[in-house]
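Chemist: Per full-length UniProt numbering: the sequence shown = residues 1 to 90.
Yeah, the Cβ is synthetic: ideal placement off N, Cα and C, and Gly gets one too.
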Amino acid sequence: MPTPLDRAMRSKNAFFTFAGIVTAVAAWSIWGQGDMFPREPDPTGDPESWSESDMRRWLQNRNLLPSGSASRDELLERVKANIRTPRRTE
Numbered sequence: 001m002p003t004p005l006d007r008a009m010r011s012k013n014a015f016f017t018f019a020g021i022v023t024a025v026a027a028w029s030i031w032g033q034g035d036m037f038p039r040e041p042d043p044t045g046d047p048e049s050w051s052e053s054d055m056r057r058w059l060q061n062r063n064l065l066p067s068g069s070a071s072r073d074e075l076l077e078r079v080k081a082n083i084r085t086p087r088r089t090e
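Spelled out as structure tokens, the structure:
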């Protein structure tokens, strides 16, 4: 007489559950990391010449979220206060 474990090992449901888990993990590793659709690159050059949306994006990428009503001058001041020398990419 088969035990419940024997019946579970022969079950198609167990196979499909395992296959589903493997598929979900593979899909997450491919699409879930966020690298498939990279963000726009940071603006470069003098912050004085950046648009307001460039400054907001630069601050957003660094979690320095400005208020929604911040003026261009306030954004520029915040960018200049937090800007550093560019990172070297090798």
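1) Applying the criterion that 16 or more other CB atoms from any shown protein chain within 10 Å of the CB defines a buried residue, is residue 25 buried or exposed?
2) Leaving out five residues on either side along the sequence, give the residues of the same chain with a beta carbon under 8 Å from the beta carbon of residue 14.
3) Where residue 69 and residue 51 are concerned, what is the direct C-alpha to C-alpha distance, given to the nearest angstrom?
4) Which residues bound the alpha helix (DSSP H) around residue 83?
5) Taking the C-alpha atoms as reference points, what is the distance between residue 4 and residue 39?
6) Cα separation between residue 83 and residue 23?
7) Who are the Cβ neighbours of residue 79 in its own chain at under 8 Å, not counting the five residues just before and after it?
Modeler: On the basis of the data shown:
1) Residue mapping note: residue 25 aligns to position 25 of the sequence shown, counting from 1. Residue 25 comes out exposed.
2) Within the sequence shown, the letter at position 14 stands for residue 14. 8.
3) In the sequence shown, counting from the first residue as 1, residue 69 sits at position 69. In the sequence shown, counting from the first residue as 1, residue 51 sits at position 51. Their Cα atoms are separated by approximately 15 Å.
4) Taking the first residue of the sequence shown as 1, we reach residue 83 at position 83. Careful: residue 83 lies outside any alpha helix (DSSP H) and carries neither H nor E.
5) Sequence index remark: in the sequence shown, residue 4 carries index 4 (1-based). Sequence index remark: in the sequence shown, residue 39 carries index 39 (1-based). Their Cα atoms are separated by approximately 51 Å.
6) Indexing the sequence shown from 1 puts residue 83 at position 83. Indexing the sequence shown from 1 puts residue 23 at position 23. Answer to the nearest angstrom: the Cα atoms are 42 Å apart.
7) Counting from 1 along the sequence shown, the entry for residue 79 is found at position 79. Taken in chain order, the residues that qualify are 47, 50, 55, 58, 59.
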